[in-house]
Amino acid sequence: MTRTINLKLDINATSHALAVDPRATLLDALRENLALTGTKKGCDQGQCGACTVHIDGRRVLACLTLAAQAEGRQVTTIEGLAAADGSLHPVQAAFLEHDAFQCGYCTPGQIMSAVGCIFEGHTGSDSEIREYMSGNLCRCGAHNGIVAAVREAAELAR
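Reminder that position 24 of the sequence shown reads as 24 in full-length UniProt numbering, one-by-one numbering, no gaps.
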């Protein structure tokens, strides 16, 4: 017999009532219960950053966060980053401008981490950007484009 818990999660400024296994991760709740598949499941061990989302404005790995831990907090996924009118977030636009992706699988996590990196003020140099983005892996080797995109978006944010 599978036990469930009832949660109310605020995802991308919309409230969702869910019944999930108490062991369900935020990543699985997003993808399987809410069909928000922009957040990717990469390693499922907190090592690749593909599942990066924001909780209360801070970046977290959704594969290492229980869904229950997000109750009563504001969760933002890649789907919630663009403006209501569909215009791209400046980081999303910079990623396009700098071809900061190849296969695109890591891109949602990279973008969410980049937004966090800028918000946290860790964009003083390319080496600082690389350090604070190091938890997000790109197996295609688009790191130079990613750093350029983060640098440009950070300059626009100042």
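Glycine is no exception: its CB is placed at the ideal position from the N, C-alpha and C atoms.
Here the structure is a predicted model, which means the values were calculated and not measured.
Let's see if you can read the secondary structure: which residues bound the alpha helix (DSSP H) around residue i?
i: A114; result: 107–120
Could you say which of the options lies nearest to residue i if we only look at CA atoms?
i: A67; options: C48, T25, H89; result: T25
i: F119; options: H16, D21, R58, K40; result: R58
i: L9; options: C43, T76, C63, C51; result: T76
i: C51; options: A35, G72, L27; result: L27
i: S113; options: E131, L96, Q102; result: E131
i: A84; options: N12, N6, G46; result: N12
i: G49; options: A157, N144, L64, T123; result: L64
i: V150; options: G38, L7, A17, G116; result: G116
i: V147; options: A157, F101, L81; result: F101
i: F95; options: T39, A157, G145; result: G145
i: K41; options: A154, S127, C106; result: C106
i: H16; options: E155, Q74, A157, G109; result: Q74
i: L7; options: T14, D56, C138, A70; result: A70
i: D56; options: G72, D44, V20, Q45; result: G72
i: E155; options: D126, C138, G141, H143; result: D126
i: H89; options: M133, H122, A157; result: A157
i: V20; options: I111, A82, T2; result: T2
Answer with buried or exposed for residue i, where buried requires no fewer than 16 other C-beta atoms within 10 angstroms of its C-beta.
i: P22; result: exposed
i: R31; result: buried
i: G86; result: exposed
i: Q47; result: exposed
i: N136; result: buried
i: E152; result: buried
i: G109; result: buried
i: L80; result: For the sequence presented, residue 80 should be read as Gly rather than Leu. So G80 ends up on the buried side.
i: C103; result: exposed
i: Q45; result: exposed
i: C138; result: buried
i: A62; result: buried
i: T39; result: buried
Could you spell out the range, first to last residue, of the beta strand (DSSP E) harbouring residue i?
i: D58; result: Going by the sequence as given, residue 58 is Arg instead of Asp. First-last of the beta strand (DSSP E) with R58: 58–61.
i: N12; result: Careful: N12 lies outside any beta strand (DSSP E) and carries neither H nor E.
i: T25; result: No beta strand (DSSP E) holds T25; DSSP gives it neither H nor E.
Looking at the strands, I want to know which residues DSSP matches up with residue i.
i: N6; result: A19
i: T39; result: The partner list for T39 (beta bridge, DSSP) is empty, contrary to what the question assumes.
Please specify which runs of the alpha helix (DSSP H), each continuous and at least 4 residues long, are wholly inside the region 64–102, giving them in chain order.
90–97
Where in the region 115–156 do unbroken runs of the alpha helix (DSSP H), each at least 4 residues long, occur, reported from the N-terminal end onward?
126–132
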